[in-house]
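With the numbering used here as the guide, the letters of the sequence shown map in order to residues 1314 to 1479.
For glycine and all other residues, C-beta sits at the position ideal for the given N, C-alpha and C.
As the structure is a prediction and not an experimental result, all values here were calculated from the model.
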Amino acid sequence: MSAFRLSSLRALPRQATALRMARRTYADVADGKLSLSLVLPHQSLYSAAGVIQVNIPAATGDMGVLANHVASVEALRPGVIEVIEDNGQPSKKWFVSAGFATVHGNNSLTINAVEAYPLDKFSAENIRAGIADANRVLGSSAPESEKAEARIELDVYEGLQAALNK
């Protein structure tokens, strides 16, 4: 083997180690705050507010976002957005029916939700009644358009019920 090939082979482990160390695979423990913007069509709940962590109901599964998180775009399913504003303070929880969350590389998170309501504003009995109504429509001979609406309602009510049972 030539000397050139041997020296290039010896350099491979050092280069691979440097690449492994530079690659980021998950959010590190953040030393700074995450800038949160939680926006609805009719109002802004948070506008570039500094928070510690935000937990979101991504379509791929629940996800916690800290500062220095890897950039991503996530579709939101019906569920709870939990905002932890400061260590030691109780978190704020909002139920969202759908939307998108965009984690930017500059320590910011933008959530665009169709609607969001404080979780403590819902009653278990009203949710059970909504589930029963949606199931009644699904089991009836209603037109397909009404059944499609009932499926959406059922998804949202089931998400609410799961959030309240946590």
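Following the DSSP letters along the chain, one finds D1433 in no beta strand (DSSP E), marked with neither H nor E. I1424 sits in a strand when the DSSP states are folded into three classes. Look at Q1366 here: in three-state DSSP terms it is strand.
Below 8 Å, enough C-beta pairs join the region 1377–1385 and the region 1406–1416 to call them touching: three or more.
Runs of the beta strand (DSSP E) lying entirely within the region 1365–1403, each at least 3 residues long, are 1366–1371, 1374–1379, 1385–1389 and 1392–1397 in chain order.
For A1414, the enclosing beta strand (DSSP E) starts and ends at G1412 to H1417.
Around the Cβ of I1465, a 10 Å sphere holds fewer than 16 other Cβ atoms; the residue is exposed.
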